[in-house]
Structure formats: structure tokens, C-alpha cells
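Asker: Sending over a structure as C-alpha cells; questions will come in a sec.
Protein chains in written order, with my numbering: chain A, 1 to 472; chain B, 1 to 588.
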């Protein structure tokens, strides 16, 4: 029987302090029993001699100094794991909340994970066909990558995430199984429900593990949610050889939880009140994506974060961008034009793309096509800003051609239906067709031989006449 | 005995426990390396007062309890220097990650005990020192082939001198075998093996600094020609995420003409280290015909590894570089990224509750940065040969804002600044080095080298190219307001020539077999071809030719594509191209 400590020394925010404790370890989990019999979970965040400071995940509401009993478990925060977690729903702290009972654990794993040794990683190379032209062609998702969606409130990031999950042909030829781990941090009830319904409609619900910390759930619990989710993902990927797609939404709420915790601990803040270790903390989550040698499975992460005030230099998107392998940025003005998915092409990027495309992966002309599309679309922005000053009529013929290219690119290439699933061939052919709106000499990123083959204004004329993308 | 008193993440405080006195001195000194707790985690003393000692622990402290023992080692945190360093990959405190993987599996646990260098491997040693020789610190007493391209030269540790009273015969030895005994003037014997220890925060001594006058040739046009860095110099690459810092560092690590590359992945992505490992073992160094891994050392403290070891990784890398410099090699250090190191300082400083300066960074940030960059240099070392350490540090400014403290303080201590630009990266103009914000103070120091080794016109061509770009920058202000059609022909020519410089010269394709590395001679010929195009066109315009007619011949696009059309080993093709320019522009 473990020692039970009666009473607390201090309660401050989500933290409690105990005096005269012994044999307590850093990061250890404690059970805190209230006077009414409910039990909460806490974690040791600081020890000084016989004084221990604990973080209470469910909050310190109605905790009292005298009638609280604390027991230390002697273990770090662990999660029970077995293959039965597939299809189950858990709370943000990893407890089953779907009424189907506890998990019969095959093993317990520390939710903090451990750093993956760089020499044990294998470099991700196999691309995931999402069926979305803008992503497949310009910021190709690679199995084992962490590719966040930077969005803003009111943009269609959830819809996009659902479409990626539904269309991603993540199972490979070897027949390895796939599954989705979904973690909601501070998500609204209806958002979580939207995801659940979408998974159900596309028939993958039995392959989904959900971790829900909704916006009215305790805030500090949010710090655990992504860790529980990634522990489950790592288990399924590296021990059960499955391909796992992890969707984390919304990382901004996670950051706010961390900020609240940090300020209640009295730490010196860095930027915008976020703790100085925000980068290390985010890295400890994002770096859990990847492939390891000796395992067939993979963990691919799609974290979603809403940029406060659409500001990409806010610490959350900024630090995320430094850790993740690229980003998909959504743009409000495209959304307002009615374009779905409103992917802002220029700031979006996939760092792993260069090694996962081309001959043997997608198609030999992929990188040329992508480079040229990026370069041309960058010129469109120049032409547009010039047109806003001197008027479109005064533009040079080349600038007018860029304006036209920009319209076509957004109308046919970016815009696509929620149910439209394009193959990589269709996407690349469409890219070349739209590039043909420019004079051939303007395509300076491509060599002549490839242009002879791909430059085809005739196909563009057909596209504009019929308005139908030839998916043949 | 010293025991743990308080734990706060990687920072622990230690008090002396008089009840368990073992009779030995328990005093810990500043920067001493200690073993903390039952798991014997490695830590470093960062503060001492009469009551308690503060220690930063290089590993995760989860599960540690107050009262666990802390054991001093009596020596500062040191790197083990000896054969077996090159082509290895280490963590921040020089533990080989491959060995850790063998013990721990795919995930790194704390408290894993491994040797810094392989103690079983035998090296084929040639002993240079003879019985009775007088030796001093820095002299070479033995050599052994470390990789196919690097000969390891064992140096008498600085501070030791005297007479050789024992010398082993040539043969195969492990790093810990006894090779030499030096008896100093006081009669003390020093037994030397193939390896030695050196405290990572102390610069290794050398005889004197030499003037910096040789470039580090990187084969990247925008660097070599426009913003060159010297051997023994310092450079910073600041840029927001996605601007290609890591890509630029990789290109430099692959192609620069240093003998040895020390690549420090400090708080960056794990996959990037894996990529370096995979890619470099497959790439062949054109100068030696051997895989690039034969000249590369990797130090990996990825962003999810313990934060305190991030600071150590920078110093470990520097100490290794200085050690090889003392053997007479030229070393280039790639530190990616120094901002993560600064953030590690901030995190530890915050946990110590020190008074913060700007943005929470500690007030000693500038002095730490200065101490690091000042360890670069071109020197005459103790054994009389020359060696250099060039430092190229990436900086990751928060919010891409170059006015933040790490970028600003780094700027004070480096002489070469390659500012990466988001808008160039958006256009996929790589390397995205902005020519208006970047600078190199080495241009004058290196002009003599370019004059003697490339062409006497090299510097004047460079000057004209730079002037043309800044002229274009001014003209673009006007173009942004009224469009380019209204400009007179001579100004249109400048804009078009600047486009050729930007697309045809500054932009470089890392994935093209010829364009990924361009020798200095070809760089010069490309510049002079572009200037030839400008001069011919300017003359034609002054003689009354309409510029749009020249443009319509497509000669500008032909020149842009010369980087792909002319292979690196066919310099004579530039004559043909220049002749073609003359013909086309003159309308012959």
C-alpha cells in the first residue's frame, strides 16, 4: 500500500504543492482524491527537497487544502495499448469514454515517448497520393512526413483534412494495414462530430482511434492529448506494422494550454507569453513522425493549426514551421473567391518532396512541372500588384498572359470538388495544359525537349471551351 | 556525499549530505562533469554557492528522486579526440549514436554508457617520435590512416613537453594502447595513447593567427563570386522556415573544398540527419573520388533530444574541428542552427530564474556567440603547419524577423552574411540569398587570390555584376509604379541583363549534375559572357538598334540556359557562345 498524503500546502491555478513528501520522482503520476471521493490525476513538475509541485490535469476546482488525499504511483504517465484501441474513443487523457470498457492492455507505454535515434530512422521516400492536385503536384505528402495545415478561423481546413484522410491511398502494395489516429485539442463539439461522421461515411471508423479533448474540457488535459495519440500511433506503426495518419487539431489550443501552465508556474515568458521551451516541446511531438529501420509501419502527421489573426509569424505557426517538413497554408482571399481547397501555393512547401517524386515514384516530369508552376504563379502576383496600380489594360502582353494564367490556374488547378479524386497523371497533365497559357519563352525552368512534348495550347483551348477537365 | 535536492526539468540542485560522509572531498567545481542519480546521467556544473550546486543534465530527468547520489569526475566536460571520429555520428556529448542504437534499439534511453571512440578497433600506426627525441605540445608523434582520405596525426597534448623515454614499434594498436612516454623536466612521466581528452569549452592553443586570404571554394556562384567566405572565416545564414538554410548548408558540406566537414545538427529535424547520412555515403567527392562520408563528422542533437546537450553539441563540434586543424587540415563547421542553441541557453537561464535581457534571452548571449565564432580562424598551429576552421552558422529568426536578438548579435561577430529571403524562396529561386541584404567583408581580402588564380578581371566583373543588380533594384521601384514599357531602351537593357544575372547566374540548381557544383573558372566565364551580352547590346542600342529587336532574337534566353548547356569540362564552348552573341546582336 502506497503512502497517502493528507492535505496540500498550496493551490495555485492548475498547480498544487505538497510538503514533507519523500521518495517522489520527477515526472511521476499521482492520484488526487477529493473529499467527495472523485479522483483526479496529477504529475510532478518540480521537486525541491521535501516539497513537490504537481500539475492537476482536470483542474483544481473544488480542491481544498485539508481534505485532499494524494497517492504517488511511482510511474510516469502511461497508456494501456493493444490492437483493440482501433475504433475506440478516448478522453484527452487517454481514458475510454465510449462506454465500451477499459482496454485490455498488451503493454503500457510512457506517453512522453523517447527520442528516435537519427541512425535508426529511414529516410521517407514514398509519396501518398491524396488526389488533391495542389497538394500532389506542388507539396507532395510523403509517408512518414509531418506536414501541417496552417489555417485561420472559418477556413475549410477540417474539410481538407477529411478529404486527405479519405482519399489518401496510404496502404501500399505490400498490403500493410493503415489506420487513422485523430486527436482533438480544444476542438468544438460539432467539429469533433464532423470528423466522426465523415470517418463513418467513408467506412473507416473501425480503423480510427479518437482522442477528444473538446473546448469545454479541462485545459491542462490538452497537454496530454497529443502525447497519448502519438503513443498509440507509434505502437500501431512500429509494433503492429501499420501505416498511421495522425490528425492533430488544433495545435494553437495546445499551445495556449502550455502557456497557461507555464504562467501559473511563474516561468519567465519568451514571445507573446509563450514559454521559452515552446520549440522543444512542439518538437517532442512533431518529431514522433517518421519511419524506423526494421519496421514496415510509418507515422505521418497532419497537424492543423489556426493562425491567430491569420498571422504566420505568430509563435505557434512560426515554431511549427521550423520543425515540420513543410506546410500547407490556406488563404482567406482564395476561400472568398469560392476556391476549394484554398491552398496558398507560394508559401506552401513540402521539404521531403524532392526525394519522393520523379521517375519511379510519381512521374519523370513532376519536378519540372512543379517548379515551373511555382515560378509562373509567383510572377502572377507581380502582375496583379502592377495591375492594381496602372490598371489591367496598361499591362504588357506578357503580364497579361500571366494574369490569364493565374485565373486559369486557380479555376481549374486549385479548385476541385470535395469528392474529386485526381490521379497524379491527371494532375500533372492539367498543370502542363495550364502552363500552355503562357508564351513558350516564358517557361524558363524547363528544357526544350520537355517543352516539345508537353507544351500544348490546343489542349488548353479544349479545356476552356468545354470547361471540363479531361480526366481520361 | 553530494545528493540531489531539487529537480526542475534539466536543471537540478545538489546539496552536500553530511550524514553520509565518505571521507572524500565532495566539492564540485564550475563546469565540472558529474554523474547524476542512480542512472548516472551526465551533467555539468553551471553554478556553485556555499549552500548548493546547480547542474544542467544532458539527459531526461524523468524518474529521478531527491536524495539520489551525484558523483563528480574532477574534470570539465571533455571530448575524446583520436582516430575513429571521422565518418561517425555522435550525439551532443560525443556518444556514438550507432553504438547507442545497438544497446537501446531505435529509441534513445537515458543513462546509456558507451565509449566515445571504438576501443576495439585496431589502427595501423606509424610511430614518428624516436627514443630520446625532445617533443613539445602539438608535435606529431604517430600517424595512422583514419579513412581513405584522412591521415590521423596524433599530437602531443598541449602543455606536455620533454624527452621521449619509450616509443612503441609501428604496428596495430587500439586507441587506448600505450604508444609513447614523455618524461618532462621535472621527471614526471606522461603516457600517451592514440587519444586524448580536451575540455570542450576551452579553445585549443595555436602559435599565431595568419592573415585570411584564401577563399573557401564552394562551387555555389552567389557565394563564391558575389559574397565569398574565406578559409578561417565566419558566415551566418539567417532565414525563416522554408527559405533553404538546411539545403544551403548541405550544398556547402557537399562541395566546399575543406578537408573535413563537421556538421552539427543542433536542435533540428531527425530526418535531416538521416538524409545527410544516406546522401553523403552515396555521393563521391570529385577531389578525392571517395564517398563524402570519408571526410564528414556528424554531431546530431535533434530537436527532440535533451535540450542541455544542445549547447554542448556546438562546443563538441568546435573542439573536434580544432583538433583536426592542429594536424594541419582545413575544416568547415556547419552549425544548423545556432538559434536553437541560443534557445537552449534561454531555457536553462529561465529555469535558473536569471534576469532576462531581450525577448527572454540571457544577457550573456552576445558573449557566448562571440566566444564561439572567435574560435574560427586561419592559424599556424603548434607543429608549424597551417590549418583553418571556417564556421558557417545557420540562424532561424523568429517570425523571419532579422531584428531579433540572435540574428542581430550574430551579425556583430560574423563577417559574411547570407540573408535568405522568403519571397525568393516563394519563386523557387534557390539559393534564396538576397543580394541586397547580404554582404561579405572578405571580398577585399580575397581579391589577390582571384587575381592570381582565376582571372585578373574577376574582381572588376564581380563589381559590375553587383552594380547592375543594385541598379535594377532602383529601377524596379519605378517599374512597380508605372510598368516596364515606358522605360527608355538603355534602362530596359539593364532590367533584362539583371534578369539574366538572376536567373542564369545567381539561381543554381542543386539537382542538376553540372549546375550543382560550378568551378571558379566557369563562374568567371559565365560572368564575362553576361557582361559581353550587355556591352554588345548597349553598343547596338547607342547605334540606333531597337532593344525589343535584340530581345526578339532570343539571345537573352540562350545566355540564361548556358549553365545547363555548357558542361563544366568544356570551357571552350564559352568562346562559341560569345561569338554567337556578337553575331546575333550585331545582326550579322
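Don't be surprised by glycine CBs; every beta carbon is placed ideally from N, CA and C.
Taking 8 Å as the CB-CB cut-off, is residue 309 of chain A touching chain B?
Answerer: Reading the first chain from its first residue, position 309 is the one you call residue 309 of chain A. Chain B, which has no Cβ nearer than 8 Å to the Cβ of residue 309 of chain A, makes this no.
Asker: Listed from N- to C-terminal order along the chain, which residues in the region 364-377 of chain A have their beta-carbon within a distance smaller than 8 Å of any beta-carbon of chain B?
Answerer: 367, 371, 374, 375
Asker: Does residue 589 of chain B get closer than 8 Å to chain A when you measure Cβ to Cβ?
Answerer: Residue 589 of chain B is absent from the structure shown; chain B starts at 1 and stops at 588.
Asker: Between residue 548 of chain B and residue 313 of chain A, what straight-line distance do the alpha-carbon atoms span, to the nearest angstrom?
Answerer: Along the second chain, read from residue 1 onward, the residue named residue 548 of chain B stands at position 548. Along the first chain, read from residue 1 onward, the residue named residue 313 of chain A stands at position 313. Rounded to whole angstroms, residue 548 of chain B to residue 313 of chain A spans 43 Å at the Cα level.
Asker: Within a Cβ cutoff of 8 Å, which residues of the same chain sit near residue 1 of chain A, ignoring the five residues on either side of it in sequence?
Answerer: Here residue 1 of chain A refers to the residue found at position 1 of the first chain. Low local confidence applies: a pLDDT of 49 at residue 1 of chain A is under 50, so the model's placement there is unreliable, with the coordinate-based value given in what follows. Counting only Cβ-Cβ distances below 8 Å, and skipping sequence neighbours, we find nothing.
Asker: Apart from the five residues on each side of it in sequence, which residues of its chain come closer than 6 Å, Cβ to Cβ, to residue 421 of chain A?
Answerer: Reading the first chain from its first residue, position 421 is the one you call residue 421 of chain A. Contacts found: 131, 167.
Asker: Could you have a look at residue 26 of chain B and say whether DSSP puts it in helix, strand or coil?
Answerer: Translated into positions along the second chain, residue 26 of chain B becomes position 26. Note: residue 26 of chain B maps to coil in three-state DSSP.
Asker: What residues in its chain sit with their C-beta under 7 Å from that of residue 592 of chain B, if we drop five residues either side in the sequence?
Answerer: Missing from the structure shown is residue 592 of chain B; chain B here goes from 1 to 588 and no further.
Asker: Out of B:164, B:498, B:539, B:173, which has the shortest C-alpha to C-alpha gap to residue 629 of chain B?
Answerer: Residue 629 of chain B is absent from the structure shown; chain B starts at 1 and stops at 588.
Asker: Using a Cβ-Cβ distance under 8 Å, would residue 273 of chain B count as near chain A?
Answerer: As a working mapping, residue 273 of chain B is identified with position 273 in the second chain. Yes - at least one Cβ of chain A is within 8 Å of the one on residue 273 of chain B.
Asker: Does the contact criterion of 3 or more C-beta pairs under 8 Å hold for the region 521-534 of chain B versus the region 555-571 of chain B?
Answerer: yes
Asker: Starting from the beta carbon of residue 283 of chain A, find every residue of chain B whose beta carbon is closer than 7 Å, and list them in chain order.
Answerer: As a first step, residue 283 of chain A must be located in the first chain, where it is residue number 283. Going along chain B in sequence order, the residues near residue 283 of chain A (Cβ under 7 Å) are 303, 304.
Asker: Report yes or no: is there a C-beta of chain B within less than 8 Å of the C-beta of residue 94 of chain A?
Answerer: Position 94 of the first chain holds residue 94 of chain A. No, because no Cβ of chain B sits closer than 8 Å to the Cβ of residue 94 of chain A.
Asker: Using 8 Å as the Cβ pair cut-off and three pairs as the minimum, do the region 396-404 of chain B and the region 269-286 of chain B touch?
Answerer: no
Asker: If we cut at 8 Å on Cβ distances, does residue 61 of chain B have a partner in chain A?
Answerer: Locating residue 61 of chain B in the second chain gives position 61, counting from the first residue. Judged by the 8 Å Cβ criterion, residue 61 of chain B is in contact with chain A.
Asker: Mind checking residue 452 of chain B: buried by the 16 CB within 10 Å criterion, or exposed?
Answerer: Counting from one through the second chain, the residue named residue 452 of chain B turns up at place 452. Answer is exposed; the Cβ neighbour count stays below 16.
Asker: Specify the secondary structure class of residue 9 of chain A as computed by DSSP and reduced to three states.
Answerer: The count along the first chain starts at 1 and reaches residue 9 of chain A at position 9. Coil.
Asker: Below 8 Å on C-beta distance, what does residue 250 of chain A contact in chain B?
Answerer: The residue given as residue 250 of chain A occupies position 250 in the first chain. For residue 250 of chain A, there are no neighbours in chain B by C-beta distance under 8 Å, as the nearest C-beta there is about 20 Å away.
Asker: Under a CB-based cut-off of 8 Å, is residue 229 of chain A close to chain B?
Answerer: Counting from 1 along the first chain, the entry for residue 229 of chain A is found at position 229. Residue contact check for residue 229 of chain A against chain B: no CB pair falls below 8 Å.
Asker: When the cut-off is 8 Å and only beta carbons count, does residue 251 of chain B lie next to chain A?
Answerer: The sequence position of residue 251 of chain B within the second chain is 251, counting from 1. With 8 Å as the cut-off, residue 251 of chain B does not count as an interface residue toward chain A.
Asker: Count the other CB atoms, across all protein chains shown, that sit within 10 Å of the CB of residue 347 of chain B; report buried if there are 16 or more and exposed otherwise.
Answerer: Indexing the second chain from 1 puts residue 347 of chain B at position 347. Counting Cβ neighbours within 10 Å, residue 347 of chain B comes out buried, since at least 16 surround it.
Asker: If you run the structure through DSSP and keep just helix, strand and coil, what is residue 411 of chain B?
Answerer: Along the second chain, read from residue 1 onward, the residue named residue 411 of chain B stands at position 411. In the structure shown, residue 411 of chain B sits in a helix (DSSP, three-state: H, G or I).
Asker: Three or more C-beta pairs closer than 8 Å, one from the region 28-45 of chain A and one from the region 103-118 of chain A: is that the case here?
Answerer: no
Asker: With a cut-off of 8 Å on the beta carbons, I'd call residue 94 of chain B and residue 80 of chain B a contact; round off their distance for me.
Answerer: For this step, residue 94 of chain B is matched to residue 94 along the second chain. For this step, residue 80 of chain B is matched to residue 80 along the second chain. That pair is a contact at about 6 Å.
Asker: Residues of chain B with CB under 9 Å from residue 112 of chain A, in chain order?
Answerer: Residue mapping note: residue 112 of chain A aligns to position 112 of the first chain, counting from 1. Per Cβ cutoff of 9 Å: 60, 62.
Asker: Let me know if residue 365 of chain A comes out buried or exposed under the rule of 16 or more other beta-carbons within 10 Å of its beta-carbon.
Answerer: Taking the first chain and counting its residues from 1, the one referred to as residue 365 of chain A is at position 365. It is buried - the Cβ of residue 365 of chain A has at least 16 other Cβ atoms within 10 Å.
Asker: Using a Cβ-Cβ cut-off of less than 9 Å, list which residues of the region 423-456 of chain A approach chain B; keep chain order.
Answerer: 441, 444, 445, 447, 448
Asker: At what residue ranges does the region 33-101 of chain B contain a whole run of the beta strand (DSSP E), taking only runs of 3 or more?
Answerer: 41-48, 52-57, 69-76, 78-81
Asker: Just to confirm, is the Cβ distance from residue 451 of chain A to residue 440 of chain A under 8 Å?
Answerer: Reading the first chain from its first residue, position 451 is the one you call residue 451 of chain A. Reading the first chain from its first residue, position 440 is the one you call residue 440 of chain A. Cβ distance < 8 Å, so residue 451 of chain A and residue 440 of chain A count as in contact.
Asker: Along the beta strand (DSSP E) that carries residue 155 of chain B, what are the first and last residues, could you check?
Answerer: For this step, residue 155 of chain B is matched to residue 155 along the second chain. Segment 151-155, the beta strand (DSSP E) holding residue 155 of chain B.
Asker: Sort A:213, A:190, A:232, A:289 by Cα distance to residue 148 of chain A and report the nearest one.
Answerer: As a position in the first chain, residue 148 of chain A is number 148, starting the count at 1. The residue with the shortest Cα to Cα distance from residue 148 of chain A is A:289.
Asker: Taking the alpha-carbon of residue 476 of chain B as reference, which of B:462, B:465, B:466, B:491 has the nearest alpha-carbon?
Answerer: Indexing the second chain from 1 puts residue 476 of chain B at position 476. For residue 476 of chain B, the nearest C-alpha among the options comes from B:491.
Asker: Got a sec: which bits of the region 113-144 of chain A sit with their beta carbon under 9 Å from any beta carbon on chain B, in order along the chain?
Answerer: Taking 9 Å as the Cβ-Cβ cut-off against chain B, the residues of the region 113-144 of chain A that qualify are 113, 114, 115, 116, 117, 118, 119, 120, 121, 122, 123, 124, 144.
Asker: Verify the CB distance criterion: does residue 473 of chain A have a CB-CB separation below 8 Å to chain B?
Answerer: Given that chain A is displayed from residue 1 to residue 472, the structure contains no residue 473 of chain A and the question cannot be resolved.
Asker: In chain B, which residues lie less than 7 Å from residue 23 of chain A when you measure between Cβ atoms?
Answerer: As a first step, residue 23 of chain A must be located in the first chain, where it is residue number 23. The answer, in chain order, is 65.
Asker: To the nearest angstrom, report how far apart residue 62 of chain B and residue 51 of chain A are at their CA atoms.
Answerer: Indexing the second chain from 1 puts residue 62 of chain B at position 62. Indexing the first chain from 1 puts residue 51 of chain A at position 51. The straight-line gap from Cα to Cα measures roughly 17 Å.
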